[in-house]
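First comes the structure, then the notes that go with it.
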Amino acid sequence: MTDMISTLSFLATLFTAIVLAQNTTYPVIDLGYAKYRGRYNSTLDITEYLGLPFAAPPIGPLRWKAPQPYTTPKNLTNTIIDATQDGPICVQGNTYWTGRSAQFPTGSEDCLVLNVVIPGNATKYSKLPVIFQIHGGGYVEGWASIGEPYALMQHSNNAFVFVSIQYRLGAYGFLGSDKYAQEGGAPNVGLLDQRFALEWVQKHISAFGGDPAKVTIWGGSAGGGSVTSQMIMHGGVEDPPFRAAIADFPWWQQLLKEERLATQFGYLLTATNCSTLACLRHVTEDTLKAATQASYIKGYAEGSYGYGSFYYGPYVDGSVIQDWPSEEFKTGHFTKVPTFVSREGYEGYAFSNQSMTTMAEETTDISIQFPYADENFVKELYELYPREDFNSTFWQRQAWFGDFIINCPSYYIASSLATSNQPIYKFVFDAGTQIHASTGPFLGDLNYASEPGANVTLADVMKDWYVSFAIHGDPNAQSWSKVLKPTWPDYRTGEVMSVNYTQLGAVDDVWFDDDTGCKFLWEHEEVVQN
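Positions -21 to -1, 1 to 509 (mature numbering (1 follows the signal peptide of the UniProt record, and there is no 0)) are the ones given, in order, by the sequence shown.
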């Protein structure tokens, strides 16, 4: 009998140990409407909750509707739902000039999910700052797990909670036109998805140990453009669901006018044998995928967009986006929060055609990029970017395209924030490859130190700056590395932080002198917005 009791006691202890181990490795979070099982990483001391729905699936009758609240399916209401795997990505678009236009689109319409990564010891009482990331990809590609927080979390001793989201892309997120609106299509639903996810964070992030009052939104490229769209949404709200913003190399693609929005909508209707939006809401997922991909091919062939453009993206609808971003920032119609903005040395490089060798080809390209341009516009553009100043036609083209799409927007944003007397920090990065998104390895590569030629010192400085701003609204406030670094002046001094192979320090920003392209492009907004 004693032996039996001892055996039962041992089994009970073993069972308890197994349960505790499982709970430690796969902790459960209770959000009230659902319980989710996450995954603990003992190496990094973090817990991840992946693929959490934040809105109802935007399928069928909810296609091109504003995001709706998520309801847990009845068969899962009393179940602990697995959240240890990435959710389905949104339908991806393949623009013609990338060389992938023949590929059938990947992804799913049921994709409005987000990931949450928290320190291993976080509790609902932790009140940690939150970094909310919006991925890039030209508004047609990308997914939540592109931006990994692990390197930044490890660098800062897990000082924050990280949220990364997905939103409807391409024709699914940015379809427009008067006919579309008249038939019940909501405007800029991709941006509305982003805002809906921010509101989800306000309601639920405290359960993960995050503080909803300490949210910093962060994005690069189209993610950076999305950050600025959140700042100007509805003309700039006074009480936004975030307290600071990081807009890395913000991608300000043209906001298409009615004629081109109507063309996009027409492409989809024709490809699906539909005549109304109601019909489009009932076609099969594969039929709609094929139609959206066909629009990229046909649009490029007909000159509706050019090399480097992703075709779909935010547009002025009068409500969500009330005017061009440059105008909204210039007139003060934006949410006033501490802001961090950056650009790199050769922003136009990856979006310019290396086979372009003649001025005639470049002039044709200008006419496609800016269809409302006349001969005087082209002449003045060439005077500001004279061919003799560049090694080739390609480098000439990458210069004005990079200025138009990112460099000048970074100036408009910084100068507008400075005028509104808001803390604003601007960063010019000429290290690494110096091309678009070249900061990525320094900030996001967990194994960067082991790469050949790695500049670990610069990577530590960068991580200090970014996390310090995300937590305090000031890149100078806190440092986790022991690297000495210059003080980063607020842009209200007229200075930017310059990083290149020989320099790390503050320099004057001279991007709006009379002989620069930014002033010219600013003064010709009616032309460059197409």
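Each residue gets a CB set at the ideal place from its N, CA and C atoms; glycine is no exception. Fair warning: this is a prediction, and the values are worked out from it, not measured in the lab.
With H, G and I counted as helix, E and B as strand and the rest as coil, what does DSSP make of residue i?
i: LEU483; result: strand
i: PRO304; result: helix
i: PHE408; result: strand
i: VAL142; result: strand
i: THR63; result: coil
i: LEU107; result: strand
i: PRO40; result: helix
i: LEU10; result: coil
i: VAL507; result: helix
i: ILE30; result: The question names Ile, but residue 30 in the sequence shown is Gly. It is a strand residue.
i: THR263; result: coil
i: GLN413; result: coil
i: GLN401; result: coil
i: TYR286; result: coil
i: VAL435; result: helix
i: ALA192; result: strand
i: ASN20; result: strand
i: ILE184; result: helix
i: TYR15; result: strand
i: GLN133; result: helix
i: GLN112; result: strand
i: ILE68; result: coil
Distance check for residue j and residue i, CA to CA, integer angstroms please.
i: ALA130; j: ASP488; result: 30 angstroms
i: ASP344; j: ALA329; result: 15 angstroms
i: VAL95; j: GLN145; result: 12 angstroms
i: PRO454; j: CYS387; result: 23 angstroms
i: CYS90; j: ASP353; result: 42 angstroms
i: ALA485; j: GLY324; result: 16 angstroms
i: GLY423; j: TRP379; result: 29 angstroms
i: ASP443; j: MET338; result: 44 angstroms
i: ALA34; j: THR50; result: 8 angstroms
i: GLN508; j: ASP61; result: 45 angstroms
i: GLY39; j: TYR151; result: 12 angstroms
i: PHE369; j: THR495; result: 16 angstroms
i: TRP303; j: LYS236; result: 11 angstroms
i: LEU31; j: GLU430; result: 33 angstroms
i: SER346; j: GLU120; result: 26 angstroms
i: SER80; j: ALA273; result: 8 angstroms
i: VAL92; j: GLU367; result: 50 angstroms
i: LYS44; j: GLY202; result: 22 angstroms
i: TYR28; j: ALA186; result: 12 angstroms
i: TRP459; j: HIS134; result: 7 angstroms
i: THR336; j: MET212; result: 41 angstroms
i: GLU340; j: TYR286; result: 12 angstroms
i: TYR12; j: THR398; result: 44 angstroms
Between which residues of its own chain and residue i is the CB-CB distance below 6 angstroms, once the five residues before and five after are set aside?
i: ALA449; result: ILE110 and THR195
i: PHE427; result: According to the sequence provided, residue 427 is Tyr. The question's Phe does not apply to it. Counting only Cβ-Cβ distances below 6 angstroms, and skipping sequence neighbours, we find PRO420, ALA433 and ALA438.
i: GLY214; result: GLN301 and HIS312
i: LYS405; result: VAL320, ALA393, TYR470 and VAL475
i: residue 556; result: The structure shown has nothing for residue 556, since the chain only spans -21 to 509.
i: LYS277; result: TYR246
i: SER208; result: LEU170 and PRO293
i: GLY86; result: ILE68, CYS69, VAL70 and GLN71
i: ARG42; result: ARG260
CB-CB under 8 angstroms to residue i, same chain, minus the five flanking residues each way: which ones, in chain order?
i: THR251; result: CYS258, LEU259, VAL262, THR266, LEU267 and ALA270
i: LEU107; result: ILE97, PRO98, ALA101, ALA138, PHE139, VAL140, GLY188, GLY189, ASP190 and LYS193
i: ILE59; result: VAL7, LYS14, TYR15 and ARG16
i: residue 516; result: Within the shown structure, residues of the chain are numbered from -21 to 509, placing residue 516 beyond reach of any answer.
What does a CB cutoff of less than 7 angstroms around residue i pick up in its chain, not counting 5 residues either side in sequence?
i: ASP24; result: PRO98, GLY99 and ASN137
i: GLU178; result: PRO220
i: GLU326; result: PHE228, GLY381, ILE384, ILE385, ASN386 and HIS415
i: PRO350; result: ASN509
i: MET210; result: ALA224, PHE313 and THR314
i: ILE125; result: HIS114
Flag residue i as yes when its Cβ comes closer than 7 angstroms to any non-hydrogen atom of the ligand ZN, and as no otherwise.
i: TYR390; result: This structure simply doesn't include the ligand ZN, nor any ligand for that matter.
Query raised in the report: Counting pairs of beta carbons, one from the segment 256 to 272 and one from the segment 159 to 169, are three or more of them closer than 8 angstroms?
Result: yes
Requested in this report: May I ask you to verify whether the segment 216 to 235 touches the segment 134 to 150, counting CB pairs closer than 8 angstroms and requiring at least 3?
Outcome: no
Query raised in the report: What are the complete beta strand (DSSP E) segments, minimum 3 residues, inside the segment 452 to 484?
Result: 474 to 479
Requested in this report: List in chain order: all unbroken alpha helix (DSSP H) runs of 4+ residues lying wholly within the segment 307 to 382.
Outcome: 338 to 348, 354 to 363 and 372 to 381
**Report entry** the segment 367 to 381 in contact with the segment 325 to 342 per 3-pair CB rule at 8 angstroms
**Finding:** yes
Query raised in the report: In chain order, which alpha helix (DSSP H) runs of at least 4 residues are fully inside the segment 72 to 100?
Result: none
Requested in this report: Could I get the ranges of all uninterrupted alpha helix (DSSP H) runs contained in the segment 148 to 181, with 4 residues as the minimum, in chain order?
Outcome: 149 to 153 and 157 to 161
Report task. Report yes or no: do three or more beta-carbon pairs, one from the segment 302 to 318 and one from the segment 354 to 367, lie closer than 8 angstroms? Result -> no
Query - Entirely enclosed alpha helix (DSSP H) segments - the segment 198 to 261, minimum 4 residues - result: 201 to 211, 237 to 250 and 256 to 259
Query raised in the report: Does the count of Cβ pairs from the segment 145 to 157 and the segment 236 to 244 closer than 8 angstroms reach three?
Result: yes
**Report entry** At least 3 beta-carbon pairs within less than 8 angstroms: the segment 494 to 503 vs the segment 462 to 480
**Finding:** no
Query raised in the report: Does the segment 70 to 84 come within contact of the segment 116 to 131, defined as at least 3 CB pairs closer than 8 angstroms?
Result: yes
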